[in-house]
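One structure below.
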Amino acid sequence: MKLGIVQFPGSNCDHDCLHVVRSVLQVEADLIWHEATQVAGYDALVLPGGFSYGDYLRSGSIARFSPVMRAVTDFAEAGGLVLGICNGFQILTEAGLLPGALLRNSALEFRCGWVHLRVESTASPFMASYGHGQVLRMPVAHGDGNYVADPDVLSRMRDNGQVTLRYCDAEGNVTPTANPNGSVDNIAGVCNESGNVFALMPHPERCAEPELGGVDGLGIWQAMVLALTSAPLRV
Amino acid sequence: MTRTDTAVSDADLREVSLTRSEYERICNQLGRAPNRVELGMFGAMWSEHCGYKNSRPLLKLLPTDGKHVLIGAGEENAGAVDIGHGLAVVFKVESHNHPSAVEPFQGAATGIGGIVRDIFTMGARPIALLNSLRFGNLDDARNRYLFNGVVSGISHYGNCVGIPDVGGEVNFASCYAGNPLVNAMCVGIIPQEKLIRARARGTGNTLMLVGAATGRDGIHGASFASLDDPELSHRGVVQVGDPFMEKLLIEACLELGETDYLVGLQDLGAAGLTSSSVEAAHKGESGVDIDVSRVPCREEAMTPYEIMLSESQERMLAIVRQGAEEDVAAIFSRWGLHSTVIGRVTSDGMVRVRNGTEVAAEIPAHLLADAPTYVRNGTAPDYLQETHAFQPESLPELQDYNKALLALLASPNIASKECVFRQYDYSVQVNTVQGPGGDAAVLRVKGTPAGLAVTIDGNGQYCYLDPFGGGAIAVAEAARNLACVGAEPLALTNCLNFGNPEKTDVYYQLQGVIRGMAAACEALSVPVVSGNVSLYNETRGQPIYPTPMVGMLGKLESLQPSTTLAFQREGDIIALLGPQTDHCGGSEYVAQIHGVVTGRAPSIDLDMEVRVQSVCRQIIRAGLISSAHDCSQGGLAVALAESAIAGGVGFQVDIPGEGRVDSLLFGEGQSRIVVSLPEENLAAVRALAGDQGVPCTVIGSVQGDAVVLGDKVSMPLASAQRAWQNGVAEALAETG
Amino acid sequence: MANGAQIGDEIGFAVTKARIYVTYKPTVLDPQGNAIQTALHHLGFADVESVRMGKYLEVELHTDDTSRAQEEVEAMCQQLLANPVIESYRFDLETAQ
Amino acid sequence: MANGAQIGDEIGFAVTKARIYVTYKPTVLDPQGNAIQTALHHLGFADVESVRMGKYLEVELHTDDTSRAQEEVEAMCQQLLANPVIESYRFDLETAQ
Ligand SMILES: Nc1ncnc2c1ncn2[C@@H]1O[C@H](COP(=O)(O)OP(=O)(O)O)[C@@H](O)[C@H]1O
Ligand SMILES: [Mg+2]
Chain A
0 MKLGIVQFPG
10 SNCDHDCLHV
20 VRSVLQVEAD
30 LIWHEATQVA
40 GYDALVLPGG
50 FSYGDYLRSG
60 SIARFSPVMR
70 AVTDFAEAGG
80 LVLGICNGFQ
90 ILTEAGLLPG
100 ALLRNSALEF
110 RCGWVHLRVE
120 STASPFMASY
130 GHGQVLRMPV
140 AHGDGNYVAD
150 PDVLSRMRDN
160 GQVTLRYCDA
170 EGNVTPTANP
180 NGSVDNIAGV
190 CNESGNVFAL
200 MPHPERCAEP
210 ELGGVDGLGI
220 WQAMVLALTS
230 APLRV
Chain B
0 MTRTDTAVSD
10 ADLREVSLTR
20 SEYERICNQL
30 GRAPNRVELG
40 MFGAMWSEHC
50 GYKNSRPLLK
60 LLPTDGKHVL
70 IGAGEENAGA
80 VDIGHGLAVV
90 FKVESHNHPS
100 AVEPFQGAAT
110 GIGGIVRDIF
120 TMGARPIALL
130 NSLRFGNLDD
140 ARNRYLFNGV
150 VSGISHYGNC
160 VGIPDVGGEV
170 NFASCYAGNP
180 LVNAMCVGII
190 PQEKLIRARA
200 RGTGNTLMLV
210 GAATGRDGIH
220 GASFASLDDP
230 ELSHRGVVQV
240 GDPFMEKLLI
250 EACLELGETD
260 YLVGLQDLGA
270 AGLTSSSVEA
280 AHKGESGVDI
290 DVSRVPCREE
300 AMTPYEIMLS
310 ESQERMLAIV
320 RQGAEEDVAA
330 IFSRWGLHST
340 VIGRVTSDGM
350 VRVRNGTEVA
360 AEIPAHLLAD
370 APTYVRNGTA
380 PDYLQETHAF
390 QPESLPELQD
400 YNKALLALLA
410 SPNIASKECV
420 FRQYDYSVQV
430 NTVQGPGGDA
440 AVLRVKGTPA
450 GLAVTIDGNG
460 QYCYLDPFGG
470 GAIAVAEAAR
480 NLACVGAEPL
490 ALTNCLNFGN
500 PEKTDVYYQL
510 QGVIRGMAAA
520 CEALSVPVVS
530 GNVSLYNETR
540 GQPIYPTPMV
550 GMLGKLESLQ
560 PSTTLAFQRE
570 GDIIALLGPQ
580 TDHCGGSEYV
590 AQIHGVVTGR
600 APSIDLDMEV
610 RVQSVCRQII
620 RAGLISSAHD
630 CSQGGLAVAL
640 AESAIAGGVG
650 FQVDIPGEGR
660 VDSLLFGEGQ
670 SRIVVSLPEE
680 NLAAVRALAG
690 DQGVPCTVIG
700 SVQGDAVVLG
710 DKVSMPLASA
720 QRAWQNGVAE
730 ALAETG
Chain C
0 MANGAQIGDE
10 IGFAVTKARI
20 YVTYKPTVLD
30 PQGNAIQTAL
40 HHLGFADVES
50 VRMGKYLEVE
60 LHTDDTSRAQ
70 EEVEAMCQQL
80 LANPVIESYR
90 FDLETAQ
Chain D
0 MANGAQIGDE
10 IGFAVTKARI
20 YVTYKPTVLD
30 PQGNAIQTAL
40 HHLGFADVES
50 VRMGKYLEVE
60 LHTDDTSRAQ
70 EEVEAMCQQL
80 LANPVIESYR
90 FDLETAQ
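Chains as they are written, first to last, in numbering that gives the first Met the number 0: chain A, 0 to 234; chain B, 0 to 735; chain C, 0 to 96; chain D, 0 to 96.
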């Protein structure tokens, strides 16, 4: 089994993801250069956090045109697992692989810190390690995490169980004060209709080892590996 | 050789910030009058910023040797220390005060860019940023604008390049109103054998310029930093940073460091191509021949003078093996970077600048590199008589200690800085074990059991009241902060922010502070491996407080057991390590509650300091204590409250010591650390402290949800928490 | 257009709309413009010679006194909307009853 | 104005300059605009009724074929410069010889 972590110019969580997959999960992984035109040989793909192309126009807007994104799109359409984290989330929405868009945080400031998340749906394979309603604790670090989508799109997403994670307080209550960025409905993570493309603003790679203050992110990585072991999705 | 003084006017000299006698010295050494390009190059290299004219003789007082030192102060772009496991840590602090005063966002952002380049130019991967900031008081709209702009500029640049900003400090005092301080520190890590030097060696090797195209940015930036009141004069030197380009440069240069194509690498900072080529040639004991017509320019018709002095950001000079140019260009180009061959290494020791076929400048590198130095006479500032005469007894007794504690907790100097550091990505790179908010940040070192601790500290108020003592305290406090997380200090970097050194009282301050720092470095066995000097920090003739910032690196053999400042559990005993004093001079309490900055700064017994720190490290390593936090601004009462707030649990403490209660509670006596521990460990802690002659006084216990200090202070923890948490936000929300 | 249709809609209220453009001075590096230019080239827009990026603000003022509005907007730009050290600005006004 | 003077300066080169305005759709909340509005009120500009903030781009195209430029800029906006989920755009063109 091998995971591919896409490296865009300006990615800066690429090595963090590589570290977690290799050293914590003990699973093989490579960086995939953004100019690659195919992703054959990888069982799942990760679009890591960072500031691809400086995020100079809109976050993720230039990276979505990287040559590799065509291959990522084909991979996703064939049912391959694609995980987007932070900037990866922004790139996936810009590329139309996930609905909605991510605007400037409502406080107009970058926000770094720990947040609580409630698991809203376990429909996606990425959520298989968690229970419905479970409260997770993860770090966030972003300036553009304010999720928006048209009302009809949102209601379709809710019906399909695509709203995967929402910001909440330590007890699991979804409140405005628990929302770090102004996201509609406190949305922190969403997946596509078939559940194989999933992205979130928080950083599961930053909470996969106890010395870093928590391990609640590990479940996402483990679920990915589990899904690949039980039903290989190689395309 | 005859020389006529009329060849160059006073105005010409002013433009390049050279004195008439310096000009004469240049003519004599050169054996002729310099042309305009050459004069500009001398002006930049002999500026305070590049040439350390006033500070170099004083910097020699600082100890620079130590068993961990791999590259010492002044040798390279940054110092390097051995942290074991075959690894070196490279670190340095730098100021960007003057640009930030006119364009806070971009000024601070480009400051980050500059210090980061100093680190990866040595081949090291930058793994942490810290920053130390000073502003005027937040009741003024301009100061709020500067504060917000600087913080968001740091956030913008640091986050984009993916280096965690794990610590720093922010303080406010009216002397910084026209002249904020923006000091940034960067820490990098590298296998020792891969350290890259900034040297031009090997005749025939090639100079390649990579990164941003050159514009007319910041011409005279280096000399700009040597003038007071920059706001009025050199507005044009402010630049826009490009963190994306910087990120590409980091990755490409680190990749290049893995090859054997590189001979040397040097960033372009102050004085741009001039300083980088001169330093590379001088340190490599060779010469360089540069053709400015090959330098890619962003603007039309740039002259050799402008190209040599431009301070355009995000550029690097690579000295590469002859024949490897195409391979090097290919690495850069994969990262989307443009590189150009601009010259070669020569053997004649000359810095030769060509513009196509014409020679635009030709100067021996050592002449440019060896700026004249000035040893001046310092005289004690007049104000010291008055401040030293101050009698703390003259202060009115406090009526309401609760109110005073709440006011201190809410004062922007003491209150939580979370509203600042939550704008910095402090967890990227997955090494952050303790982020901002504690006494020191702790990072793991992947692949080893070891940890690194880093901090940056300075107290201008103390240095103003007592330059020597304040200098010593700056070093001692940084080391104490490391001790509180159990780390052994290895080395320090520093940034000396002062007024105009040509004034005798400012020179006195500079001299005193450096001597004090040196004394503390000796006592604590912490050498200085790098630093930066920022002089001429004045507004309308008024200097800032003498403000040295000390950035210190420490090592933890193991991340376990780990200690923070937070009280851990009810029932723990609270003890004070170190002597209790009733001194309140120079304290935040006197400044905030009584509105005066006066008295003597706290005194420091360096010998006691060393032993207190050693005991603190020992009891942390032995796993005996639950928390440790040093007493600094706000004294014992504030230290206790901060530990309680962080732990979410209250305390009951009897005020230790004798004397005035306000001084006992809020005085800033040095060498004190508040620890909490399970009662059963008390005997062991006492024994270890006793062995080293360190007082260890049980003062109370962790309990309940109230803050209780004798019969003077009693309040719900929630009230203390609220005051402390919202202090800065409330000060910012003021409109005025 | 966003807001465009709203001018003069509020009957009885005099509104002056300012359209303000803030850009870096021509000599100042524009990293965003450069990144966008590169991206446009990659997308095949080979004709693109230069891209500069700036801010665009639409400010509605409750006044029909154009010369007063002119002064106010000028002051806003100088005090808040642009930093004359690196940016320049221009604006146009449109008054509707 | 930034770059303004350069149009047509390059003799013999035909340049079309596009001025592109990208703004949030009216339904999308504009927190930046709101923050600026608050700041302007604090500064004493009590007249300010609303502020919307957007992006302003100046793109120079190496062509004098306006209808071709029109098509190209339209395509740039659709593909890259605006995100149709949240933004709308408009632009004007100016051709100089
Ligand atoms: N206050 C100081 N203490 C120790 N070393 C210093 C100090 N100031 C400057 N240095 C050292 O002098 C050298 C030149 O510094 P600087 O001119 O700031 O370098 P750069 O050109 O890389 O910015 C560096 O090695 C730096 O660490
Ligand atoms: Mg340097």
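For glycine and all other residues, C-beta sits at the position ideal for the given N, C-alpha and C. This structure is a prediction, so every number in the text was calculated from the model and none was measured.
Do you know how far the Cα of residue 90 of chain D is from the Cα of residue 33 of chain C?
Numbered from 1 along the third sequence, position 34 holds the residue referred to as residue 33 of chain C. Numbered from 1 along the fourth sequence, position 91 holds the residue referred to as residue 90 of chain D. Going from the Cα of residue 33 of chain C to the Cα of residue 90 of chain D covers about 20 Å.
Roughly how many angstroms separate the alpha carbons of residue 9 of chain B and residue 19 of chain B, rounded to a whole number?
The residue you call residue 9 of chain B lines up with position 10 of the second sequence. The residue you call residue 19 of chain B lines up with position 20 of the second sequence. Residue 9 of chain B and residue 19 of chain B: Cα-Cα distance of roughly 8 Å.
Report all residues from its chain with a CB closer than 7 Å to the CB of residue 35 of chain D; omit the five preceding and five following residues, and keep chain order.
Here residue 35 of chain D is taken as the residue at index 36 of the fourth sequence, counted from 1. Closer than 7 Å at Cβ, skipping near neighbours: 50, 52.
For the structure I just gave you, are there three or more beta carbon pairs, one from the segment 124–142 of chain B and one from the segment 389–405 of chain B, closer than 8 Å?
no
Are the segment 446–457 of chain B and the segment 516–530 of chain B in contact at 8 Å, needing three or more beta carbon pairs?
no
State yes or no: is the beta carbon of residue 241 of chain A nearer than 9 Å to at least one beta carbon in chain C?
Chain A is shown from 0 up to 234; residue 241 of chain A falls before or after that span and cannot be answered.
By the 10 Å Cβ neighbour count, where 16 or more other Cβ atoms means buried, how is residue 6 of chain B classified, buried or exposed?
The residue given as residue 6 of chain B occupies position 7 in the second sequence. Residue 6 of chain B comes out exposed.
Do residue 341 of chain B and residue 297 of chain B come within 9 Å of each other at the CB atom, strictly closer than that value?
Your numbering for residue 297 of chain B matches position 298 in the second sequence. Your numbering for residue 341 of chain B matches position 342 in the second sequence. Cβ distance not < 9 Å, so residue 297 of chain B and residue 341 of chain B don't count as in contact.
Check whether the segment 628–646 of chain B touches the segment 550–567 of chain B, counting contact only when three or more Cβ pairs, one atom from each stretch, lie closer than 8 Å.
yes
Where residue 157 of chain A falls: helix, strand or coil (DSSP)
For the purposes of this step, residue 157 of chain A is taken as residue 158 along the first sequence, with counting starting at 1. Residue 157 of chain A: helix per DSSP, three-state reduction.
Which runs of the alpha helix (DSSP H) spanning at least 4 residues fall entirely within the segment 463–508 of chain B, listed in chain order?
466–482
Cα-Cα, which of A:194, A:207, A:86, A:149 is closest to residue 13 of chain A?
Working through the first sequence from its first residue, we reach residue 13 of chain A at position 14. Closest by alpha carbon: A:86.
Which residue comes first and which comes last in the beta strand (DSSP E) that contains residue 3 of chain A?
Here the question's residue 3 of chain A lines up with position 4 in the first sequence. Unbroken beta strand (DSSP E) run through residue 3 of chain A: 1–6.
Just mark residue 686 of chain B as buried or exposed, buried being the case when its beta carbon has 16 or more other beta carbons within 10 Å.
Within the second sequence, numbered from 1, the residue matching residue 686 of chain B stands at position 687. Label assigned to residue 686 of chain B: exposed.
Quick one: which chain C residues come within Cβ less than 8 Å of residue 211 of chain B?
Position 212 of the second sequence holds residue 211 of chain B. The answer, in chain order, is 28.
Please report the straight-line C-alpha distance between residue 38 of chain C and residue 61 of chain A, rounded to a whole angstrom.
Numbered from its first residue, the third sequence carries residue 38 of chain C at position 39. Numbered from its first residue, the first sequence carries residue 61 of chain A at position 62. So the alpha carbons of these two residues sit roughly 6 Å apart.
How about residue 52 of chain C: is its C-beta nearer than 9 Å to some C-beta of chain A?
Residue 52 of chain C sits at position 53 when you count from the first residue of the third sequence. Answer yes: the Cβ-Cβ gap between residue 52 of chain C and chain A drops below 9 Å somewhere.
Exposed or buried, residue 77 of chain C, counting other C-beta atoms within 10 Å across all chains shown (16 or more means buried)?
What you label residue 77 of chain C is simply residue 78 of the third sequence in a count that begins at 1. It is exposed - the Cβ of residue 77 of chain C has fewer than 16 other Cβ atoms within 10 Å.
Taking the runs of the beta strand (DSSP E) that are 3 residues or longer, which of them lie wholly in the segment 166–227 of chain B?
180–190, 205–210
Which stretch, first to last residue, makes up the beta strand (DSSP E) that contains residue 382 of chain B?
Here residue 382 of chain B refers to the residue found at position 383 of the second sequence. No beta strand (DSSP E) contains residue 382 of chain B, which is instead part of the alpha helix (DSSP H) from 382–388.
Residue range of the alpha helix (DSSP H) that includes residue 220 of chain A:
Numbered from its first residue, the first sequence carries residue 220 of chain A at position 221. Element bounds for residue 220 of chain A: 217–229.
So with CB distances below 8 Å, who are the chain A contacts of residue 84 of chain D?
The residue labelled residue 84 of chain D in the question sits at position 85 within the fourth sequence. Under the 8 Å cutoff, chain A gives 92, 99, 100, 147, 148, 149.
Run down chain C in chain order and give the residues with a C-beta less than 8 Å from the C-beta of residue 50 of chain A.
Counting from one through the first sequence, the residue named residue 50 of chain A turns up at place 51. Correct list: empty, because the minimum Cβ distance to chain C is about 11 Å.
Mind checking if residue 31 of chain D is an interface residue toward chain A, Cβ cutoff 9 Å exclusive?
Within the fourth sequence, the letter at position 32 stands for residue 31 of chain D. Closer than 9 Å to some Cβ of chain A, the Cβ of residue 31 of chain D qualifies, so yes.
Does any residue of chain C bring its CB to less than 9 Å from the CB of residue 86 of chain A?
Position 87 of the first sequence, counting from 1, holds the residue named residue 86 of chain A. So, not an interface residue.
When you compare only the Cα positions, how much space is there between residue 588 of chain B and residue 669 of chain B?
Here residue 588 of chain B refers to the residue found at position 589 when the second sequence is read from its first residue. Here residue 669 of chain B refers to the residue found at position 670 when the second sequence is read from its first residue. About 15 Å.
Can you tell me whether residue 100 of chain B is buried or exposed? The criterion is at least 16 other CB atoms within 10 Å of its CB, across all chains shown.
As a first step, residue 100 of chain B is located in the second sequence; it is residue number 101 there, counting from the start. Looking at its Cβ environment, which holds 16 or more other Cβ atoms inside 10 Å, residue 100 of chain B is buried.
Inter-residue spacing [alpha-carbon to alpha-carbon] between residue 741 of chain B and residue 17 of chain A
Residue 741 of chain B lies beyond the stretch modelled for chain B, which goes from 0 to 735, so this question has no answer here.
Cutoff 9 Å: residue 42 of chain C Cβ touching any chain A Cβ:
Position 43 of the third sequence, counted from the first residue, corresponds to residue 42 of chain C. Chain A, which has a Cβ nearer than 9 Å to the Cβ of residue 42 of chain C, makes this yes.
For residue 146 of chain A, the three-state DSSP class (helix, strand or coil):
Counting from 1 along the first sequence, the entry for residue 146 of chain A is found at position 147. If DSSP states are grouped into helix, strand and coil, residue 146 of chain A belongs with the strands.
Which residue comes first and which comes last in the alpha helix (DSSP H) that contains residue 67 of chain A?
Along the first sequence, one-based indexing puts residue 67 of chain A at 68. It spans 67–76 - the alpha helix (DSSP H) in which residue 67 of chain A sits, taken as one unbroken run.
Just the chain C side, please: which residues come within less than 9 Å of residue 28 of chain B by C-beta, in chain order?
As a position in the second sequence, residue 28 of chain B is number 29, starting the count at 1. Neighbours of residue 28 of chain B on chain C: none; closest Cβ ~35 Å, over 9 Å.
Quick check on DSSP: helix, strand or coil for residue 12 of chain A?
In the first sequence, residue 12 of chain A corresponds to position 13, counting from 1. If DSSP states are grouped into helix, strand and coil, residue 12 of chain A belongs with coil.
Within 10 angstroms of its Cβ, does residue 19 of chain C collect 16 or more other Cβ (buried), or is it exposed?
As a position in the third sequence, residue 19 of chain C is number 20, starting the count at 1. Flag for residue 19 of chain C reads buried.
Are the CB atoms of residue 287 of chain B and residue 199 of chain B within a distance shorter than 9 Å?
Working through the second sequence from its first residue, we reach residue 199 of chain B at position 200. Working through the second sequence from its first residue, we reach residue 287 of chain B at position 288. Yes, they are a contact pair.
Please report the distance separating the alpha-carbon of residue 16 of chain D from that of residue 237 of chain B.
Residue numbering aside, residue 16 of chain D sits at position 17 when the fourth sequence is read from its first letter. Residue numbering aside, residue 237 of chain B sits at position 238 when the second sequence is read from its first letter. For residue 16 of chain D and residue 237 of chain B, the distance between alpha carbons rounds to 28 Å.
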